[in-house]
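Q: This is the structure, below, for whatever I ask next.
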Amino acid sequence: MNAMHERLELLQPYPFQKLSALLAGVRPPEGLTSIPLSIGEPGHEPPAFVLEILRENLDSISQYPTTRGLAGLRVAIANWLRRRFNASVSAQTQVLPVNGTREALFAFAQCMVDSSRDALVMMPNPFYQVYEGAAVLAGAEPCFMGTDRKNGFLPDLNGISESVWRRCQLCYACSPGNPTGAVFPRGLWLRLLELADRYDFVIAADECYSEIYADETSPPVGLIQVCAESGRDNFSRCVVFHSLSKRSNLPGLRSGFVAGDRAILDRFLLYRTYHGCTMPMPTQAASIAAWGDEGHVLANRNQYRDKYDAVVPILQPWLEFSRSEAGFYLWLRIPSGHDEQFARGLFEQQYVTVLPGSYLSRTHGGVNPGRGYVRVALVAETERCIEAARRIAAYCEQLCR
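Heads up, this note's numbering is the position in the sequence shown plus 1043, with the first residue counted as 1.
Take a look at the structure:
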């Protein structure tokens, strides 16, 4: 075999590969049907009007799309940012459509990191594993910011040493958090901006869960919103990532965008002209419609609220957790601390699939902040989520005997 990039050897298996290995050979009861709640794949119906527009524009598949995307799509995104975050963004220079946030979050590090300078990339822990892989393959060292229960599952920025911040070139911030659902308050965003200015690094704000939240009167604050409110109209050192996957139940559409600092997006656009990830024309047409409508998003939030309202009372007597501020996950603390054992036993006895928390985090400073937790994605239809909660409760009751 020809020599391959040496850094590929540093990549760890993806959480779902680990989960498949953990459950290999396990035979759940034949009388139960499977309820998979391990993957954050929305199970709600996609909006019919978006699918119709997708179909109506299939003939445009014969055209090469541009990397910058249609002007109409960039305008639709800029208008949405103005409505949602009260931030004025140039559709021409401060918005770039991408094929989902996963691809963009990975590519961004390849573009931003200067590996000749002992680069370091900050990220939350637990985390979305794309951050780690992006940092490693860009030639940087991942540095993990613990987000544990005692700090409200938010990073303790003041607990990070000056020597670490001096090496930082890029900081991934996830709000609302995956898997915890914790939301950055304004003060935390402002503190991160202060550090970015002082130590000259870029903030990549992953906000793909921002439109699924518990309180209709208090949507999660976004980085671009805090910039606008504080007079940082050029969004310097800031780029935000948003997607239609969770907001509009369109994970297969692979449609999102990045927005923010014009100079950074200029370089990212140049990188992407070589990278070759352009959004197909039918996808762009459908995306324009999706970003322009809030009715289906409100209906989506209401479905998740109904599920939380039904599931939480069933699980509260058995497991310790807080109702997430946003997102569609439950971050359940396992009394025994053995998250792998719990996930395997639950699958074997109740045919419910959840993800061990230790698969979403790394041991740092001798502590793995995900160990002792499992992540439950409330993505199935309501009745299936209720049934899953009952099975989890039954399993917990059995463990207590």
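All C-beta atoms, glycine included, are put in the ideal place defined by N, C-alpha and C.
1. Please go through the same chain and pick out, in chain order, the residues whose beta-carbon is closer than 7 Å to the beta-carbon of residue 1058, but skip the five residues on each side of it.
2. Does the Cβ-Cβ distance between residue 1062 and residue 1176 come in under 8 Å?
3. Which residue's Cα is closest to the Cα of residue 1344: 1143, 1187 and 1425?
4. The beta strand (DSSP E) with residue 1101 in it runs from where to where?
5. With a cut-off of 8 Å on the beta carbons, I'd call residue 1190 and residue 1219 a contact; round off their distance for me.
6. Identify whether residue 1417 lies in helix, strand or coil by the three-state DSSP scheme.
7. Considering only the beta carbon of each residue, do residue 1342 and residue 1096 sit closer than 8 Å?
8. Would you mind stating whether residue 1462 and residue 1130 have Cβ atoms separated by less than 8 Å?
9. Under 8 Å by Cβ, that's how I've got residue 1293 and residue 1354 pegged, so tell me the actual separation to the nearest angstrom.
10. Starting from residue 1217, trace the beta strand (DSSP E) in both directions and tell me its first and last residue.
11. On the CB-based measure, 16 or more other CB atoms within 10 Å of its CB, does residue 1125 come out buried or exposed?
12. Return the first residue and the last residue of the beta strand (DSSP E) that residue 1187 is part of.
13. Taking the Cβ atom as the reference point for each residue, do residue 1334 and residue 1078 lie within a distance shorter than 8 Å?
14. Along the chain, where does the alpha helix (DSSP H) containing residue 1376 start, and where does it finish?
15. Can you say whether residue 1326 is buried or exposed, counting buried as having 16 or more other CB atoms within 10 angstroms of its CB?
16. Tell me where the beta strand (DSSP E) around residue 1281 begins and ends.
17. Which runs of the alpha helix (DSSP H) at least 4 residues long sit entirely within the stretch 1307 to 1386? Give them in chain order.
18. Can you give me the Cβ contacts of residue 1387 inside the same chain, cut-off strictly under 8 Å, excluding the 5 residues immediately before and after it?
19. Between residue 1221 and residue 1437, what straight-line distance do the alpha-carbon atoms span, to the nearest angstrom?
20. By the three-class DSSP mapping on this structure, what secondary structure does residue 1144 have?
21. Which residues does DSSP list as the beta-bridge partners of residue 1079?
22. Assuming residue 1393 contacts residue 1075 (C-beta within less than 8 Å), just tell me the rounded distance between them.
23. Check residue 1198 in the structure and name its three-state DSSP category.
24. If we call anything under 8 Å between Cβ atoms a contact, is residue 989 one with residue 1312?
25. Nearest to residue 1405 by alpha carbon, out of 1169, 1164, 1157 and 1160?
26. So, helix, strand or coil for residue 1163, using DSSP?
27. Could you tell me the alpha carbon to alpha carbon distance between residue 1281 and residue 1139, rounded to whole angstroms?
28. Start and end of the alpha helix (DSSP H) containing residue 1118?
29. For the stretch 1140 to 1160 against the stretch 1295 to 1307, do three or more pairs of beta-carbon atoms, one drawn from each stretch, fall closer than 8 Å, so that the two count as touching?
30. Output needed for residue 1092: all residues of its chain with C-beta closer than 7 Å, excluding positions within five of it in sequence on either side, in chain order.
31. To the nearest angstrom, how far is the alpha carbon of residue 1257 from that of residue 1227?
32. State the Cα-Cα distance for the pair residue 1283 and residue 1249, rounded to the nearest angstrom.
33. Beta-carbon separation of residue 1089 and residue 1288 under 8 Å?
34. Suppose the cutoff is 6 Å on Cβ atoms and the five residues either side in sequence are ignored; what does the same chain contact list for residue 1262 look like?
35. What's the gap between the Cα of residue 1291 and the Cα of residue 1431?
36. So if DSSP puts residue 1256 in a beta bridge, which residue, or which two residues, is it bridged to?
A: With the given structure in hand:
1. Here residue 1058 corresponds to residue number 15 of the sequence shown, with the count starting at 1. Taken in chain order, the residues that qualify are 1172, 1398, 1402 and 1403.
2. Locating residue 1062 in the sequence shown gives position 19, counting from the first residue. Locating residue 1176 in the sequence shown gives position 133, counting from the first residue. No. Outside cutoff.
3. If you number the sequence shown from 1, residue 1344 lands on position 301. Closest by alpha carbon: 1425.
4. Counting from 1 along the sequence shown, the entry for residue 1101 is found at position 58. Counting along the chain, residue 1101 falls outside any beta strand (DSSP E), and DSSP gives it neither H nor E.
5. On the sequence shown, position 147 is the one that residue 1190 refers to. On the sequence shown, position 176 is the one that residue 1219 refers to. The pair is not a contact, with the Cβ atoms about 12 Å apart (cut-off 8 Å).
6. If you number the sequence shown from 1, residue 1417 lands on position 374. In the structure shown, residue 1417 sits in a strand (DSSP, three-state: E or B).
7. Indexing the sequence shown from 1 puts residue 1342 at position 299. Indexing the sequence shown from 1 puts residue 1096 at position 53. No.
8. Residue 1462 lies beyond the stretch modelled for the chain, which goes from 1044 to 1444, so this question has no answer here.
9. Start at 1 with the first residue of the sequence shown, and residue 1293 comes out as number 250. Start at 1 with the first residue of the sequence shown, and residue 1354 comes out as number 311. That belief does not hold up - the Cβ atoms of residue 1293 and residue 1354 are roughly 24 Å apart, past 8 Å.
10. The residue labelled residue 1217 in the question sits at position 174 within the sequence shown. From DSSP, the beta strand (DSSP E) with residue 1217 extends over 1211 to 1217.
11. The count along the sequence shown starts at 1 and reaches residue 1125 at position 82. Burial call: exposed.
12. If you number the sequence shown from 1, residue 1187 lands on position 144. Here the beta strand (DSSP E) through residue 1187 covers 1184 to 1189.
13. On the sequence shown, residue 1334 is found 291 positions in, with the first residue counted as 1. On the sequence shown, residue 1078 is found 35 positions in, with the first residue counted as 1. In this structure, residue 1078 does not lie closer than 8 Å to residue 1334 by Cβ.
14. As a first step, residue 1376 is located in the sequence shown; it is residue number 333 there, counting from the start. Per DSSP, residue 1376 belongs to no alpha helix (DSSP H); it is in the beta strand (DSSP E), 1372 to 1376.
15. Indexing the sequence shown from 1 puts residue 1326 at position 283. Buried, by the Cβ-count rule.
16. Translated into the one-based positions of the sequence shown, residue 1281 becomes position 238. Element bounds for residue 1281: 1281 to 1286.
17. 1324 to 1334 and 1338 to 1358
18. As a first step, residue 1387 is located in the sequence shown; it is residue number 344 there, counting from the start. So the qualifying residues of the chain are 1065, 1066 and 1069.
19. On the sequence shown, residue 1221 is found 178 positions in, with the first residue counted as 1. On the sequence shown, residue 1437 is found 394 positions in, with the first residue counted as 1. One C-alpha to the other measures close to 26 Å.
20. Position 101 of the sequence shown, counting from 1, holds the residue named residue 1144. Reduced to three states, the DSSP call for residue 1144 is helix.
21. Position 36 of the sequence shown, counted from the start, is the residue given in the question as residue 1079. Per DSSP, 1396.
22. Sequence index remark: in the sequence shown, residue 1393 carries index 350 (1-based). Sequence index remark: in the sequence shown, residue 1075 carries index 32 (1-based). The pair is a contact, with the Cβ atoms about 7 Å apart (cut-off 8 Å).
23. Within the sequence shown, numbered from 1, the residue matching residue 1198 stands at position 155. Correct three-state label for residue 1198: coil.
24. Only positions 1044 to 1444 of the chain appear in the structure, and residue 989 is not among them; the question remains open.
25. Here the question's residue 1405 lines up with position 362 in the sequence shown. For residue 1405, the nearest C-alpha among the options comes from 1169.
26. Indexing the sequence shown from 1 puts residue 1163 at position 120. Residue 1163 falls in the strand class under three-state DSSP.
27. Here residue 1281 refers to the residue found at position 238 of the sequence shown. Here residue 1139 refers to the residue found at position 96 of the sequence shown. Between residue 1281 and residue 1139, the C-alpha separation is close to 14 Å.
28. Against the sequence shown, residue 1118 aligns to sequence position 75. Looking at the DSSP string, the run of the alpha helix (DSSP H) that includes residue 1118 is 1114 to 1128.
29. yes
30. Against the sequence shown, residue 1092 aligns to sequence position 49. 1332.
31. Within the sequence shown, the letter at position 214 stands for residue 1257. Within the sequence shown, the letter at position 184 stands for residue 1227. Spanning the two alpha carbons is a distance of roughly 15 Å.
32. The sequence position of residue 1283 within the sequence shown is 240, counting from 1. The sequence position of residue 1249 within the sequence shown is 206, counting from 1. Their Cα atoms are separated by approximately 6 Å.
33. Residue 1089 sits at position 46 when you count from the first residue of the sequence shown. Residue 1288 sits at position 245 when you count from the first residue of the sequence shown. Taking 8 Å as the Cβ cut-off, residue 1089 and residue 1288 do not qualify as a contacting pair.
34. The count along the sequence shown starts at 1 and reaches residue 1262 at position 219. Excluding residues within five positions, the ones whose Cβ falls inside 6 Å are 1256.
35. Counted from its first residue, the sequence shown places residue 1291 at position 248. Counted from its first residue, the sequence shown places residue 1431 at position 388. Going by the C-alpha atoms only, they are around 24 Å apart.
36. In the sequence shown, residue 1256 corresponds to position 213, counting from 1. Partner(s): 1369.
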